[in-house]
Amino acid sequence: MVLLGSTGSIGVNALLVAARFDIAIEVLVAGKNIKVLNEQIQEHSPKVVVIADEKDIPSVNHANVYAGNEAILQVIEDSQSELVVNALVGFLGLRPTLKAIECGKKVALANKESLVACGAFIDIKNIQPIDSEHFGLWYLLQDRPVQKMIITASGGAFRDWDIKKLQNATLADTQKHPNWSMGQKITIDSATMVNKMFELLEARWLFGEGNYDAIIETKSLIHALIDFKDGSTTAHFANASMQLPIAFALDKDMDENILEHVDLVKTGSLEFREITTDRYPIWEIKKELLENPERGLIVNAANEAAIELFINKKIGFMDISKHIITAFEKFQTLPKNIDDVFGIDEEVRNFVRESL
Numbered sequence: 020m021v022l023l024g025s026t027g028s029i030g031v032n033a034l035l036v037a038a039r040f041d042i043a044i045e046v047l048v049a050g051k052n053i054k055v056l057n058e059q060i061q062e063h064s065p066k067v068v069v070i071a072d073e074k075d076i077p078s079v080n081h082a083n084v085y086a087g088n089e090a091i092l093q094v095i096e097d098s099q100s101e102l103v104v105n106a107l108v109g110f111l112g113l114r115p116t117l118k119a120i121e122c123g124k125k126v127a128l129a130n131k132e133s134l135v136a137c138g139a140f141i142d143i144k145n146i147q148p149i150d151s152e153h154f155g156l157w158y159l160l161q162d163r164p165v166q167k168m169i170i171t172a173s174g175g176a177f178r179d180w181d182i183k184k185l186q187n188a189t190l191a192d193t194q195k196h197p198n199w200s201m202g203q204k205i206t207i208d209s210a211t212m213v214n215k216m217f218e219l220l221e222a223r224w225l226f227g228e229g230n231y232d233a234i235i236e237t238k239s240l241i242h243a244l245i246d247f248k249d250g251s252t253t254a255h256f257a258n259a260s261m262q263l264p265i266a267f268a269l270d271k272d273m274d275e276n277i278l279e280h281v282d283l284v285k286t287g288s289l290e291f292r293e294i295t296t297d298r299y300p301i302w303e304i305k306k307e308l309l310e311n312p313e314r315g316l317i318v319n320a321a322n323e324a325a326i327e328l329f330i331n332k333k334i335g336f337m338d339i340s341k342h343i344i345t346a347f348e349k350f351q352t353l354p355k356n357i358d359d360v361f362g363i364d365e366e367v368r369n370f371v372r373e374s375l
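Each residue of the sequence shown is one higher than the last, beginning at 20 in our numbering.
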């Protein structure tokens, strides 16, 4: 397989599962964590390696190393693998998704931004989601009338903070996730609830029109629920690990034990909370966004630009959502093709950057 984003948490788990099922690694694509990449090269012996920055090439212990976004597209096109695992973070993961589909490959997709920004132009039959929430929905779906599909959120770093203090939250504060350790951007997105908005949009593209919602479940043991029209609800329980959805993406007939079962007696109790707009202002646009999912492109571009400003200490934490909502209200044009996606993305980013 081709693995994009090998040194992140999803990439690391994908390699563990690949080793378990004896799946050969043809290509590793990583960013700047050369130390971990070199360990992966030693263990998995990829044929080709791609990194972010050309100046790091001498530090990579491999004879066949390339750098940059164009190199990623080229190695996908040249690869013999039928499977591409896309665990890249951000909008830069979109072109590799499009290239893999163009080449007739299956995409095990963890890059949220691909569907959020470009879902209208992506052939879903080539996509296997490896987010635990979408895996949970897929696992629960059966041939019965559905009333609502629900995913869960942890609530992020600030779920228990005094709301009055949120505007003064620092970058370091956003990274203190209550349940696990993830990359910088996704942990910020978890704190703003943008991450969950993106997952709802992904679900909309993956499963079609319907009633979608999210709630907070503080222990992250339930990943998805389905309300059926008959009044019954099913829930997908699993210990928090990406290995289960990755295993099914690599082998749809997988029937091995991957995780320890959730011990409900040890768990004792679960706590559920509503996602409210005072703590998570982005939730104000949820209904309109799900009714017009093509506009996820605007939300994604504004979010990435606003996070950039926040990291550079030009805006406060709560201003991230404000900038997204302002851009969402301003830009009404829907993309008519893939070129439009990249054009509108750039326009929205420039608007946010210049709005200080």
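We put the beta carbon where it would ideally sit given N, CA and C, even for glycine. Please read all numbers here as calculations on a predicted model, not as lab measurements.
Exercise. When the Cα atoms are used, what is the spatial distance from His63 to Ile44?
Worked result: 6 Å
Exercise. Taking Cβ positions, are Ala176 and Ile29 nearer each other than 9 Å?
Worked result: no
Exercise. The alpha helix (DSSP H) spanning Asn57 covers which residue range?
Worked result: Boundaries of the alpha helix (DSSP H) harbouring Asn57: 53 to 63, taken from the DSSP string.
For this session: Put Met216 into one of helix, strand or coil per three-state DSSP.
Result: The answer is helix: DSSP assigns Met216 an H, G or I state.
Exercise. Taking three-plus beta-carbon pairs below 8 Å as touching, is the segment 303 to 322 in contact with the segment 122 to 141?
Worked result: Touching, per the Cβ criterion.
Exercise. Around the C-beta of Ser25, are 16 or more other C-beta atoms found within 10 angstroms, so that it is buried, or is it exposed?
Worked result: buried
For this session: Go through the segment 119 to 206 residue by residue and report every complete run of the alpha helix (DSSP H) that reaches 4 residues or more, in order.
Result: Those alpha helix (DSSP H) runs which fall completely within the segment 119 to 206 and span 4+ residues are 131 to 137, 151 to 159, 190 to 193.
Problem set entry | Under 9 Å between C-beta atoms of Pro300 and Leu225 | no
Exercise. Is Ile42 helix, strand or coil when you go by DSSP?
Worked result: coil
For this session: Determine the burial state of Gly174: buried for a count of at least 16 other Cβ atoms within 10 Å of its Cβ, exposed for fewer.
Result: buried
Problem set entry | Residue from Arg368, Lys51, Ile334, Val36 whose Cα sits closest to the Cα of Lys349 | It is Arg368.
Exercise. Would a C-beta distance cut-off of 9 Å place Val21 and Val46 closer than the cut-off?
Worked result: Cβ atoms of Val21 and Val46: closer than 9 Å.
Problem set entry | Whole-angstrom distance between Trp180 and Asp192, CA atom to CA atom | 11 Å
For this session: Return the chain-ordered list of same chain residues with a C-beta closer than 8 Å to the C-beta of Ile265, the five sequence neighbours on each side being excluded.
Result: Ile29, Asn32, Ala33, Val36, Val104, Ala127, Ile149
Problem set entry | Buried or exposed (CB count within 10 angstroms, at least 16 for buried), Gln262 | Buried, since its Cβ has 16 or more Cβ neighbours within 10 Å.
For this session: Label His280 either buried or exposed according to how many other C-beta atoms from any shown protein chain fall within 10 Å of its C-beta, with 16 as the threshold for buried.
Result: With fewer than 16 Cβ atoms within 10 Å of its Cβ, His280 is classed as exposed.
For this session: Can you give me the Cβ contacts of Lys51 inside the same chain, cut-off strictly under 7 Å, excluding the 5 residues immediately before and after it?
Result: Hits under 7 Å: Ala71, Asp72, Asp75.
Exercise. From the DSSP output, which residues share a beta bridge with Tyr299?
Worked result: Partner(s): none; Tyr299 has no beta bridge.
Exercise. How far does the alpha helix (DSSP H) with Asp338 in it reach, from first residue to last?
Worked result: 336 to 349
For this session: Measuring alpha carbon to alpha carbon, tell me which of Ser340, Phe256, Asn230 ends up nearest Asp246.
Result: Asn230
Exercise. Counting Cβ pairs closer than 8 Å, one from the segment 110 to 123 and one from the segment 94 to 101, do we hit at least three?
Worked result: yes
For this session: Report back the beta-carbon spacing between Phe336 and Gln186 to the nearest angstrom; my notes put them in contact at under 8 Å.
Result: 6 Å
Problem set entry | Cross-strand partners of Arg292 (DSSP beta bridge) | Ile235
Exercise. So, is Asn319 buried or exposed, given that buried needs 16 or more other C-beta atoms within 10 angstroms?
Worked result: buried
For this session: Please work out which residues of its chain come closer than 6 Å, Cβ to Cβ, to Asn198, disregarding the five sequence neighbours upstream and downstream, and give them in chain order.
Result: Ser173, Ser239
For this session: Work out the CA separation of Asn83 and Leu309 for me, nearest whole Å.
Result: 44 Å
Problem set entry | Buried versus exposed call for Val393 [16 or more other C-beta atoms within 10 Å across all chains shown] | Since the first residue of the chain shown is 20 and the last is 375, residue 393 is not available in this structure.
For this session: Output the distance between the C-alpha atoms of Lys131 and Asp272, rounded to the nearest integer angstrom.
Result: The C-alpha of Asp272 is placed about 25 Å away from the C-alpha of Lys131.
For this session: Could you give the DSSP three-state label for Val104: helix, strand or coil?
Result: strand
Exercise. For Gly87, which option in Leu111, Glu228, Ala106 has the closest C-alpha, if you only look at C-alpha atoms?
Worked result: With distances taken between Cα atoms, Gly87 lies closest to Leu111.
Problem set entry | Sequence-distant residues of its chain with Cβ nearer than 6 Å to Ala188 (five each side left out) | Phe336
Exercise. Quick one: what's got a C-beta closer than 6 Å to Thr237's C-beta in the same chain, skipping five residues either side?
Worked result: Glu290
For this session: Quick one: give me the first and last residue of the beta strand (DSSP E) that Asp246 is part of.
Result: That run of the beta strand (DSSP E) goes 241 to 247.
Exercise. For the candidate residues Ala254, Pro65, Leu219, whose alpha-carbon lies nearest to that of His81?
Worked result: Pro65
Problem set entry | Residues of its chain near Gln194, where Cβ-Cβ distance is below 6 Å and the 5 sequence neighbours each way are ignored | Thr206
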